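In my numbering, the protein residues as written are 43 to 250.
The beta carbon of each residue, even a glycine, is placed where N, CA and C say it ideally should be.
This one's a predicted model, so the numbers in the text were calculated from it and none came from an experiment.
Here is the structure we will look at.
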């Protein structure tokens, strides 16, 4: 097994990463000045479990080929310049526990497949920085029964909170839901009162 740690170095290219093949389980490339589109060499790492590409200068869309990384558990892409929607193929990453793509330039609706990833413990998508942001209706996240933190704040989500919001989540777990500074309307679902240890931030919305 191989852990590749090259965070905060002067590396300029990762084209040869895929040569390590199936041995790579962790790849740390955060805090460099890496640019270009999502690295194709990373999507070829079929046994990688942790990917740290955060705080670089990657651009373009997140490719559909992320579905090739079937073993990935933690995906850190925050602080880049990724644009476009989150691809539906994210739903193929059935082992995913931690998704962090905050502070990019993503737009569009969240794919419904994201709400079906049962191993997710955290989804961090706050503060997309483009003129347009992530938006559309909130997903129910009703099959993410391990969720501990959901941060969709500082975006453009609209509509009401779904009736089945967090429907599969044990009411005894500690959960943090951050939805501030969106365009959410309607009322707070009564079932959220069932949670014994929940922090929910709905400030700067249109909740009545």
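Assumed close pair residue i, residue j - CB separation to whole angstroms, cut-off 8 Å
i, j, result
"residue 175", "residue 151", "No, residue 175 and residue 151 are not in contact; Cβ-Cβ is about 11 Å, not under 8 Å."
"residue 124", "residue 107", "Not really, about 14 Å apart at Cβ, beyond 8 Å."
"residue 144", "residue 172", "That pair is no contact at about 13 Å."
"residue 99", "residue 77", "4 Å"
Enclosing alpha helix (DSSP H) for residue i [first to last residue]
i, result
"residue 83", "82-85"
Alpha-carbon to alpha-carbon, residue j and residue i
i, j, result
"residue 64", "residue 250", "52 Å"
"residue 129", "residue 239", "32 Å"
"residue 200", "residue 193", "15 Å"
"residue 59", "residue 236", "47 Å"
"residue 120", "residue 142", "6 Å"
"residue 246", "residue 227", "11 Å"
Limits of the beta strand (DSSP E) - the one that residue i falls within
i, result
"residue 92", "92-94"
"residue 97", "Counting along the chain, residue 97 falls outside any beta strand (DSSP E), and DSSP gives it neither H nor E."
"residue 69", "66-70"
"residue 246", "Segment: none, residue 246 is in no beta strand (DSSP E) and carries neither H nor E."
"residue 191", "191-193"
"residue 134", "Per DSSP, residue 134 belongs to no beta strand (DSSP E) and is neither H nor E."
"residue 176", "176-179"
Option nearest residue i by Cα separation, candidates the options
i, options, result
"residue 87", "78, 115, 72 and 194", "115"
"residue 68", "49, 93 and 78", "93"
"residue 49", "214, 74, 148 and 183", "74"
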